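Under UniProt numbering, the sequence shown has 109 at position 109, and the numbering climbs by one with no breaks.
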Amino acid sequence: MIRYSALMRTQVLFGEGSDEIFAGYPWFPHDYLQSADPAGAALGIPLPSKAERHAMVDEYHAATGIPFRPLSAMSPQKSNVPRPLITTGAHLAVFSGLLYFSTSVFHPKVAGPTSQLDMLRCAEEGVDARIRENSMTGFWHPLNVSMYYTSKSFLGRFILNPVGDRSDMMHSVESRPAFLDHHVVNYVTSLPPSLKIRPIAGDSPGKWHMVEKWILRQAVRPLVTEEIYLRKKVAFNPPPSGPPSVASQMLPLQMHLKARITQETVERLGFINWPYIVLQERFNVPSYKV
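Laid out in structure tokens, this is it:
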């Protein structure tokens, strides 16, 4: 897409950042449901009760399968240790599903004493101490903590870096993330959580469904079709250039990876564990000896 844009323009607007500030990612509802929203209630927004919120958490997890910690495990008052350093579960989804990381990727000589590190614990320890305090004391709503963590990790270190700015610069295109304008961010972060994820009462008593990025949908409703207004978020994954002409052949991306990710190049790095690299699992490469 960037390559195509470069043929016509040197600057493009894109929508990165909207999911982070308007709570669009699928792991946000769990953290939203963890606590009540007094600011939303003060606006007169109908909200589910504590029992209804807990029931919604169980239903949401069963429907999505997104990793999460039970509400009891995230309580600062839990008696057993180690206690959590933040009372949200967003980092479970980010690390377990999107930024999967294991110390086994490192060569044994490099991993050494760090091979048993709890990566999720390390992620929590990396959060600013002031944010951890806001989380543990309840000064920040869990959804706000979750969005902060996602912005500092997934957005800043992945979306805007290898798949954003680096890709753009490779094609001499300057991208402009309009949703990350600091005026917009400052305003949106001041809004109650229930204007970002809006619980909507269902037809049956005690039944609710949640609408992500609700206030953004309302803002653009006069400008878009009803289909776009109601559409659920779907991750954008650009497809490969097309299926191979012969089923046993590899796609161009797979050929590119096989040519460059070899035992020689990996071992030359010195810190990557070659047996960990299994291309057919990650990229669906037809069976061959790597």
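Note that CB positions come from ideal geometry on N, CA and C, so glycine has one too. Predicted model only: the values in this text are computed from it and were never measured.
Compute the Euclidean distance between the alpha carbons of residue i and residue j, then round it to the nearest angstrom.
| i | j | result |
| --- | --- | --- |
| T64 | F95 | 16 Å |
| Q11 | A111 | 42 Å |
| P26 | K109 | 38 Å |
| residue 291 | S204 | Because the chain here runs from 1 to 290, residue 291 falls outside it and cannot be looked at. |
| I86 | R231 | 32 Å |
| L269 | P162 | 20 Å |
| Q218 | A129 | 35 Å |
| F68 | S146 | 12 Å |
| L191 | H183 | 13 Å |
| E227 | A201 | 21 Å |
| G138 | S167 | 39 Å |
| A42 | S49 | 15 Å |
Looking only at its own chain, which residues have a Cβ that is under 7 Å from the Cβ of residue i, when we skip the five neighbours before and after it?
| i | result |
| --- | --- |
| V185 | I21 |
| A123 | H91 and F95 |
| G15 | F179 |
| L13 | R176 and A178 |
| R53 | L33 |
So, under 8 Å CB-CB, residue i and residue j are touching, yes? Tell me the CB distance rounded to an integer number of Å.
| i | j | result |
| --- | --- | --- |
| K213 | S18 | 7 Å |
| S135 | T189 | That belief does not hold up - the Cβ atoms of S135 and T189 are roughly 15 Å apart, past 8 Å. |
| S175 | G164 | 7 Å |
Let's see if you can read the secondary structure: which residues bound the beta strand (DSSP E) around residue i?
| i | result |
| --- | --- |
| A201 | R198 to A201 |
| Q34 | It is not in any beta strand (DSSP E) - Q34 carries neither H nor E in the DSSP assignment. |
| L13 | Q11 to F14 |
Starting from residue i and walking both ways along the alpha helix (DSSP H), at which residues does that stretch end?
| i | result |
| --- | --- |
| P252 | P252 to R260 |
| R176 | Here R176 belongs to no alpha helix (DSSP H); instead the beta strand (DSSP E) covers E174 to P177. |
| V211 | Where V211 is concerned, there is no enclosing alpha helix (DSSP H), although the beta strand (DSSP E) it sits in stretches over W208 to V211. |
| V110 | P108 to A111 |
| I131 | A129 to T137 |
Would residue i and residue j qualify as a contact pair, given that the criterion is a beta-carbon distance under 7 Å?
| i | j | result |
| --- | --- | --- |
| F271 | F28 | no |
| Y276 | S104 | yes |
| A93 | I66 | yes |
| E267 | W274 | yes |
Counting only the same chain and skipping the five closest in sequence on each side, list residues whose C-beta sits under 8 Å from that of residue i.
| i | result |
| --- | --- |
| P193 | A23, Y32, D37, A39, G40, H141, L143 and N144 |
So, for residue i: in the same chain, excluding its five sequence neighbours on each side, which residues have a beta-carbon less than 6 Å away from its beta-carbon?
| i | result |
| --- | --- |
| K196 | F22 and A23 |
| M210 | P29, I197 and P199 |
| I45 | S194 |
| L216 | F22 |
If we cut at 7 Å on Cβ distances, does residue i have a partner in chain C?
| i | result |
| --- | --- |
| T64 | Any reference to chain C falls outside this structure, which holds one protein chain only. |
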